[in-house]
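Report on one structure; see the data block that follows.
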Amino acid sequence: MSTRRYALAAIAAALFAGSAVAKDYELLNVSYDPTRELYQEYNAEFASYWKQQHPDDSVKVQQSHGGSGKQGRSVIDGLRADVVTLALAGDIDEIANLGKLLPTDWQKRLPDASTPYTSTIVFLVRKGNPKGIKDWGDLVKEGVSVITPNPKTSGGARWNFLAAYAYGLKANNGDEAKAKAYVKDLFQHVPVLDTGARGSTITFVNNGQGDVLLAWENEAHLALKEDGGADKFDIVVPSLSILAEPPVAVVDKNAEKKGTTAIATAYLEHLYSPAGQEIAAKNFYRPRNADIAKKYEATFPKLNLVTIDKDFGGWKTAQPKFFNDGGVFDQIYQAQ
Amino acid sequence: MSRRISPVIPGFGLTLGYTLVYLSLIVLIPLAAMFVNAAQLSLEQLWAIVTAPRVLAALKLSFGTALYAAVLNGVIGTLLAWVLVRYSFPGRRIIDAMIDLPFALPTAVAGIALTALYAPAGLVGQFATDLGFKIAYTPLGITLALTFVTLPFVVRTVQPVLADIPREVEEAAACLGARPWQVFRHILAPALLPAWLTGFALAFARGVGEYGSVIFIAGNMPMKTEILPLLIMVKLDQYDYTGATAIGVLMLVVSFILLLLINLLQRRIETP
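Note that the protein sequences, when read in sequence, are chains P and F.
Be aware that the first sequence starts at 93, since it is given in this note's numbering, and climbs by one per residue.
Be aware that the second sequence starts at 3, since it is given in this note's numbering, and climbs by one per residue.
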């Protein structure tokens, strides 16, 4: 038995010796819902970038998309992701805590808290803005119906919720009770809670529900770009929103097992390069690189942005307070 | 005299062993794992989870809509089976084949298509809006999706039984003076009932656990249109594995009791 294994190893070694450096890489990038288009474009860019430096290698990057929490759970349960690019740091924290697949201080390993691009939450309204929606306060007016996914199941919806809450705090000089009353009022205007951001976009765009869609900035732009979208919808940028930081990380244990640590790290680092940043901006994610940001400043209007770490004490505090069982979101519906 | 008739499939030991291994791998072990996982909770914790108002509302909704859908399919499915067996018309075979489509179609596709049609602005939904009610995003929409997904069960269980009842039996009854409803009540119904109950139970059980097609049309409003499988997903998204299994156990126990009752009822009908 063991002789056979040695023989196999010998053959394998001989094969690899023939091409000492050439390697076939297959990376798996486990991401959240709206990044499909971004990573399709970026994967091609990265493959050609890697090929320039390692002409003998072949690189194939596979992508998997779904709700951020669900994706995180798949990785914990054994999906062999080399890198994760999820909607919330909280989901990667769980991969570190529950799955023990990467160190808990993963977010310090790459610049900008491991977030190569950011986004924010904006309003998508029907063309001409018939309900005259300009800011968060207009969402709770009589007869306005608001579409947002369920914060319990959607990462994007959690950013929506926190942005609304931040507005509630600001409009009421930091009074938490009044901020809660505002989000409660807001959710009285929500007729459908889809499980994910894409589901909500379908409800709003294809099924014609609601007057306002609370959406990722990139999703809103994508809806405009789709055929005829620009004739049907407008984007409204509110006075205040949240800086959504979807982070990226190498899943150490998986990459070590597959021998892809170096290339997986390069894959994420290249996101910060001008080429990577340009692709992010083209796909309507706000780039970190100041030059690229300047080039695309017409696409990304300036607005007041609160952040999860400064204003909500990070996901470790915000998740249990707002979204776990019995949290602020549940209280909205419990009283009914 | 005592010579045993040799069975078609040889080896009682072999076949039983195979059955047990198969059942264990596919059904028993996963279910047992769920119970083991839920056993991490104390009884009070388990009770607190399964009696939370949202869980109870979802329980009522999931089992209620599944029941309505099964009853609806019980009636319409029998009618469909009747038409397909007793009449021959052009296109019958095509319609017959179409009955199975809800099984083949990915449930999410069905859900999205039904939602697009029955949403308040949709092709069909707009008429409902004119009449002052909504179909999608209400329990009615959930029932509709479940009716679609479970359509084949009653048709496919009733169809062969119906085909086996010779027409002469009905004719004989009619000759003896039975009115049409008497023929149905005393001749057809007793023959069909066991198969019908099987189809009904299958449709009901499938409806209770259905997720993919319902999630798009339900609207998922807490306390109103939130189904139990969604609550399980919600718990999982909080990485609350034990909470999720607790609801899973609840669903399993309730379903098992209901299916057992249907089974007993069937027994009583078959052995008067």
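Even for Gly, the Cβ is constructed at its ideal location relative to N, Cα and C.
It should be emphasised that the depicted structure is a prediction, and the values quoted were computed from it without experimental measurement.
Per DSSP, residue 240(F) is not a residue of any beta strand (DSSP E), being assigned neither H nor E. Contact with chain P is found for residue 239(F), since one of that chain's Cβ atoms lies less than 7 Å from the residue's Cβ.
At a C-beta separation below 8 Å, residue 50(F) has no neighbours in chain P, since its nearest C-beta there lies roughly 10 Å away. The CB of residue 124(P) never comes closer than 7 Å to any CB in chain F; the least such distance is about 12 Å.
Residues 160 of the same chain have their beta carbon placed closer than 6 Å to that of residue 80(F), with the five preceding and five following residues left out of the count. For residue 247(P) against residue 159(P), the beta-carbon gap comes to about 7 Å, under 8 Å, which counts as contact. Under the Cβ criterion of 7 Å, residue 224(F) is counted among the residues facing chain P. Three or more pairs of CB atoms, one per stretch, sit closer than 8 Å, so the stretch 220-232 of chain F contacts the stretch 143-153 of chain F. Listed along the chain, the chain P residues whose CB falls inside 7 Å of the CB of residue 217(F) are 287. When 7 Å is used as the limit between beta carbons, residue 139(F) is near these residues of chain P: 283, 284, in chain order. For residue 236(F), the chain P residues whose C-beta falls within less than 8 Å of its own C-beta are 242, 244, 245, listed in chain order. Secondary structure note for residue 156(P): its beta strand (DSSP E) is the uninterrupted segment 150-156. Residue 124(F) reaches chain P at 299, 300, counting residues in chain order whose Cβ is nearer than 9 Å. Taking all protein chains in view, the Cβ of residue 253(F) is crowded by 16 or more other Cβ atoms within 10 Å, so the residue is classified as buried.
Under the Cβ criterion of 7 Å, residue 186(P) is counted among the residues facing chain F. Within the stretch 104-134 of chain F, the residues whose Cβ lies closer than 8 Å to some Cβ of chain P are 114, 117, 118, 121, 122, 123, 124, listed in chain order. Residues of chain P whose Cβ lies closer than 8 Å to the Cβ of residue 221(F) are, in chain order, 283, 284, 285. Closest in C-alpha terms to residue 350(P), from the list 228(P), 131(P), 173(P), 178(P), comes 173(P).
Here DSSP, grouped into helix, strand and coil, assigns residue 325(P) to strand.
In this structure, DSSP gives residue 359(P) a helical state, which the three-state scheme calls helix.
At a cut-off of 7 Å between beta carbons, residue 425(P) contacts chain F. In this model, residue 273(F) and residue 183(F) are separated by some 24 Å (Cα to Cα).
Three or more beta-carbon pairs separated by less than 8 Å are not found between the stretch 92-111 of chain F and the stretch 277-292 of chain P, which leaves the two stretches without contact.
Within the stretch 161-199 of chain P, the complete beta strand (DSSP E) segments at least 3 residues long are 175-177, listed from N- to C-terminus. Interface criterion not met: the Cβ of residue 121(P) is under 7 Å from no Cβ in chain F. Approximately 6 Å separates the beta-carbon atoms of residue 57(F) and residue 233(F); this is inside 8 Å, confirming the contact. Just measuring C-alpha positions, the residue of 40(F), 35(F), 26(F) sitting nearest residue 246(F) is 40(F). In this structure, DSSP gives residue 168(F) a state outside helix and strand, which the three-state scheme calls coil. Taking the beta carbon of residue 165(P) as reference, the chain F residues within 8 Å of it are 238, 239, 241, listed in sequence order.
Within the DSSP secondary-structure output, residue 315(P) pairs in no beta bridge. For residue 381(P), no Cβ of chain F is located within less than 7 Å of the residue's own Cβ. About 4 Å separates the Cβ atoms of residue 300(P) and residue 123(F), confirming a contact at the 8 Å cut-off. In chain order, 225 place their CB closer than 8 Å to the CB of residue 55(F), counting only its own chain and leaving out the 5 sequence neighbours on each side. DSSP places residue 424(P) inside the alpha helix (DSSP H), whose first and last residues are 420-426. With contacts defined by Cβ atoms closer than 7 Å, residue 334(P) and residue 254(P) form a contacting pair. Annotation for residue 285(P): 242 place their beta carbon closer than 6 Å to its own, counting only its chain and skipping 5 residues before and after.
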